[in-house]
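All residue numbers for the sequence shown refer to the working numbering, where the first residue is 1 and numbers rise by one. One structure below.
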Amino acid sequence: MARIPLLRRGSAKDTPDLWGHTSDEIRMLTADDGVVLHVEIDAPASRSRSGRKGPAGPSAEPTVVLVHGFTLSSQCWVLQRRSLIHSGFRVVTYDQRSHGKSGPSPLEHCTVEQLGEDLHRVIEATCPTGPIVLVGHSMGGMTLMSYAAVHPDIVHDRVLAAAFIATSPGGSVPMTELGLGPGFARIVNSVGPGVLTRLGRHAGAIKQLRRMGSGVQDALIRKWAFDSPVTTDLVSFVAEQFFSTPFEVIAAFLPSLEAHDQTHGLTAYSGIETLVVNGTGDLITPPEHSEELVRRLPGAEHVLIEDGGHVIMLEHPQIVSQQILMLIARAQRAEEEGVAVSRKPRV
Numbered sequence: 001m002a003r004i005p006l007l008r009r010g011s012a013k014d015t016p017d018l019w020g021h022t023s024d025e026i027r028m029l030t031a032d033d034g035v036v037l038h039v040e041i042d043a044p045a046s047r048s049r050s051g052r053k054g055p056a057g058p059s060a061e062p063t064v065v066l067v068h069g070f071t072l073s074s075q076c077w078v079l080q081r082r083s084l085i086h087s088g089f090r091v092v093t094y095d096q097r098s099h100g101k102s103g104p105s106p107l108e109h110c111t112v113e114q115l116g117e118d119l120h121r122v123i124e125a126t127c128p129t130g131p132i133v134l135v136g137h138s139m140g141g142m143t144l145m146s147y148a149a150v151h152p153d154i155v156h157d158r159v160l161a162a163a164f165i166a167t168s169p170g171g172s173v174p175m176t177e178l179g180l181g182p183g184f185a186r187i188v189n190s191v192g193p194g195v196l197t198r199l200g201r202h203a204g205a206i207k208q209l210r211r212m213g214s215g216v217q218d219a220l221i222r223k224w225a226f227d228s229p230v231t232t233d234l235v236s237f238v239a240e241q242f243f244s245t246p247f248e249v250i251a252a253f254l255p256s257l258e259a260h261d262q263t264h265g266l267t268a269y270s271g272i273e274t275l276v277v278n279g280t281g282d283l284i285t286p287p288e289h290s291e292e293l294v295r296r297l298p299g300a301e302h303v304l305i306e307d308g309g310h311v312i313m314l315e316h317p318q319i320v321s322q323q324i325l326m327l328i329a330r331a332q333r334a335e336e337e338g339v340a341v342s343r344k345p346r347v
């Protein structure tokens, strides 16, 4: 396996200024513990070419399931959704529990293991048959690993390809601060989620303070989310998602993320076309996290993006979208030609 050279970022002018997206269908699904999950489905744009034909005849296009990260929402995938829809793929996105428009979770169920079961519920309800492509960012990548640990047979039978973006397997490269600072992590881990639960009662006042201190907000998001110059609109777009996450939810998830070790879940992705993407300037999941993923996923494509921070799919959307489309194309070609991932040369 060879490591892909560093890729230069595109021009900031190439990034759309509007972040709105209207999905074709919205569903409210109930998780196994009663939490309501907000799910959006996009139908593919019509393709000019017909379906491919491999050794076993025409093959169905996969459904692409995008799973967002900690303190974000499905909105963070807006640019990848547009690209995938335009390329002819059906796309499923959803808000993780206690994030975005999904319902609040019992604090004791704010765990990576529960997120894996939520993903299982979403897949069962929105794409019960046919091939699927899983794409996870940060905590979303951990969700993919947790899902595979419990449902390896489904992954083996149905997952055509998987992408792990700015994420970590945990274990030997533990999540120690999550970009929130060592002091914050020590407080939460020592006294528990109750600390921020009490702060959460003052959410209205805190939001008002946030509006008054936009300079502090911008500095925080620019530092931890990006590693290159981005527009003020983009900073505000990410900040709105981050600061909309209740403090008690952040505190409740932190212990599970800190103790996260999903290395066993990666075993199910062995032999499946996989992609690992990371930014060289990611302060939350630095490159050593992606290197550990690649070490445990023989044959994975590894893409490091220069001047890339943690929210890399919004900072460098063209590169990330291109890499996801290339991943799917490689997987489809390998399936049609009967070429095992272990036999493929890496570029």
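Heads up, the beta-carbon is just placed ideally off N, CA and C, and yes, glycines get one too. Bear in mind the structure is a predicted one, so any value in this text is a computation, not a measurement.
For residue i, the nearest candidate out of the options (CA to CA)
i, options, result
"HIS260", "ARG222, THR143 and ASN278", "THR143"
"SER98", "LEU266, PHE242 and HIS21", "PHE242"
"CYS110", "VAL36, SER256 and ASP95", "SER256"
"ASP32", "VAL135, VAL67 and GLY116", "GLY116"
"GLN80", "LEU304, GLY130, ILE165 and ASP157", "ILE165"
"PHE89", "PRO286, SER46 and PRO106", "SER46"
"LEU84", "ILE305, ALA300 and VAL135", "VAL135"
"LEU266", "ILE26, ARG82, LEU72 and ALA149", "ALA149"
"HIS289", "GLU273, HIS310, ASP118 and VAL159", "HIS310"
"GLU240", "THR30, LEU220 and ARG330", "LEU220"
"LEU234", "ALA162, MET313 and VAL112", "MET313"
"GLU258", "PHE70, PRO128 and LEU327", "PHE70"
"HIS137", "GLN217, ASP153 and GLN75", "GLN75"
"GLU306", "CYS127, VAL320 and PHE253", "VAL320"
"PRO152", "CYS127, THR285, HIS264 and GLN217", "HIS264"
"PRO44", "GLY20, ARG82 and HIS21", "ARG82"
Beta-carbon separation (whole angstroms), residue i vs residue j, contact threshold 8 angstroms
i, j, result
"GLY308", "GLY279", "2 angstroms"
"TRP77", "THR93", "5 angstroms"
"GLU315", "SER228", "6 angstroms"
"MET145", "GLN262", "3 angstroms"
"ARG398", "PRO169", "No answer is possible for residue 398: it lies beyond the span of the chain, which begins at 1 and ends at 347."
"PRO349", "LEU304", "One cannot answer for residue 349 here, as it falls past the ends of the chain, which runs 1 to 347."
"SER105", "VAL35", "5 angstroms"
"PRO42", "SER73", "Note that residue 42 corresponds to Asp in the displayed sequence, not to Pro. Wrong, their Cβ atoms sit about 16 angstroms apart, outside the cutoff."
Rounded C-alpha distance that separates residue i from residue j
i, j, result
"SER236", "VAL155", "36 angstroms"
"GLU40", "VAL277", "24 angstroms"
"ILE187", "ALA251", "In this prediction, ILE187 scores a pLDDT of 41, lower than 50, which makes its location untrustworthy; no coordinate-derived value is stated."
"HIS68", "ARG121", "16 angstroms"
"VAL91", "LEU66", "8 angstroms"
"GLU124", "GLY215", "43 angstroms"
"ARG222", "LEU293", "26 angstroms"
"GLY140", "LEU37", "15 angstroms"
"VAL230", "GLN318", "14 angstroms"
"GLU61", "ALA340", "19 angstroms"
"LYS101", "ALA225", "22 angstroms"
"ALA162", "GLU248", "31 angstroms"
"LEU327", "GLU273", "7 angstroms"
"ARG27", "ALA329", "29 angstroms"
"ALA331", "PRO246", "39 angstroms"
"LEU29", "SER23", "16 angstroms"
"LEU325", "LEU283", "26 angstroms"
"CYS127", "VAL112", "22 angstroms"
"LEU18", "VAL238", "13 angstroms"
Residue(s) in a DSSP beta bridge with residue i
i, result
"ASP261", "GLY170"
"ILE26", "GLU40"
Proximity test, Cβ basis, 8 angstroms: residue i and chain D
i, result
"GLN262", "Considering every chain present, this structure includes no chain D. It has just one protein chain."
Which ranges would you report for the alpha helix (DSSP H) in the region 106-174 if only whole runs of at least 4 residues count? 112-126, 139-150 and 152-158
Please go through the region 60-113 and give each complete alpha helix (DSSP H) segment of 4 or more residues, from N-terminal end onward. 78-86
Entirely within the region 243-321 and at least 3 residues each: give me those beta strand (DSSP E) ranges in chain order. 273-279 and 301-305
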